Amino acid sequence: TKDLLSISDLSPDDIGRLLSDAVELKARGWNNSLSGKTLALVFEKPSLRTRVSFELAMKQMDGEALYLSPAEVGLGKREPVADVARVLSRFVDVIACRTFGHETLVQLAKYADIPVINALSDLEHPCQALADILTIYEKKGDLKGLSLAYIGDGNNCANSLLLACAMTGINCRLASPKGYLVDKDLFARAEAYAEDSGAELYSGTDLKTALRGADVIYTDVWTSMGQEAETEKRLKDFTGFQVNAKLVSMAKKDAIIMHPLPAHYGEEVDREILECPQSVIFDQAENRLHAQKAVLRDMLGGLEIGGRH
Ligand code: CP
């Protein structure tokens, strides 16, 4: 497929190749493999990491990025998604889109002649998952047989992370309150990958099952963008699921702690936990740049002539 809407648009081999490419690109820095190429960033929601890392990924590979704000584009409001897709296809080489509904991305990809990258939808966050796996690889080495405990909401990040773990052989155990577990069909899709990779998967309410023997503890916000009206109920429902010293003590002593950011300190995570030496959250944020460089070069890369640095 030309698009990256779900992490499962990539095969396990693709993920392996992109990880090696990301390691290489991280070591090399600036290069000119995207000379003359332009990325359009069509964002319906705010962003720090995703926007900055995509813009810099293009710049550092000698390409260009255009940020198109929600007010300017009015995706599906000012004009149909299909028309936005066909207009942008005449001007740029790739679109990264952050949207509320995943269906908008599907429509964009259907009508665009150029690749469309999911920069976060209600269903998935594949670029985050690639950066997460890259970070785990850097910190822990061989991925197969590692155990990751995901504590919290079975949201878009959890969906992509679960699939990515299942594809790369990382045991992924998700503990969420009743009513907030990852989608059953998505879990079944992950299990199909796990049969090949040997990963063990769990999705349930039991924190001990998730955390026992974990090499990685991962959490994310309890209230995503667009769910603000549910905040009060969610705070109540997620009682006991805050990643704090007590929960961390249930995992391996050298477990790393991950969060895609932005964090809601005092809700899904205790501030001290993200400030402790085991926290790798800023490496994780930086790796968005390197993982996305690998994706963009894979989609668009031309012949490289020398390096800029
Ligand atoms: N983690 C992440 O996607 O961050 P932003 O929302 O700031 O892009």
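Each number in full-length UniProt numbering comes from the position in the sequence shown (counting from 1) with 2 added on.
Even glycine gets a Cβ: it sits at the ideal position worked out from N, Cα and C.
Values in this document were obtained by computation on a predicted structure and should not be read as measured data.
Using a Cβ distance threshold of 7 Å, E193 and N161 do not count as a contacting pair. Between V89 and T106, the beta carbon gap of about 15 Å keeps them out of contact (Cβ cut-off 8 Å). Here the alpha carbons of A42 and R80 stand approximately 17 Å from one another. Separation of I219 and M260 (C-alpha to C-alpha, rounded to the nearest whole angstrom) is 6 Å. Close CB contacts of D115 within its chain, under the 7 Å cut and outside five residues either way in sequence, are with S91 (chain order). Counting only residues of its own chain and dropping the five nearest sequence neighbours on each side, C159 has a CB closer than 8 Å to the CB of H127, Q130, A131, D222, P262.
If you ignore the 5 residues before and after L21, its C-beta comes within less than 7 Å of the C-beta of I135, L136, Y139, all in its own chain and listed in chain order. Between T225 and T233, the C-beta spacing is below 7 Å. Assignment of S55 by DSSP, reduced to helix, strand and coil, places it in the helix class. According to DSSP, F93 shares a beta bridge with no other residue. Per the coordinates, the alpha-carbon of G154 lies some 35 Å from the alpha-carbon of E74. Counting every other CB atom within 10 Å of its CB across the protein chains shown gives E46 a total of 16 or more, marking it as buried.
A distance below 7 Å separates the beta carbons of S55 and Q294. Measuring C-alpha to C-alpha distances from P264 to each of I258, R273, A257, D256 identifies R273 as the nearest.
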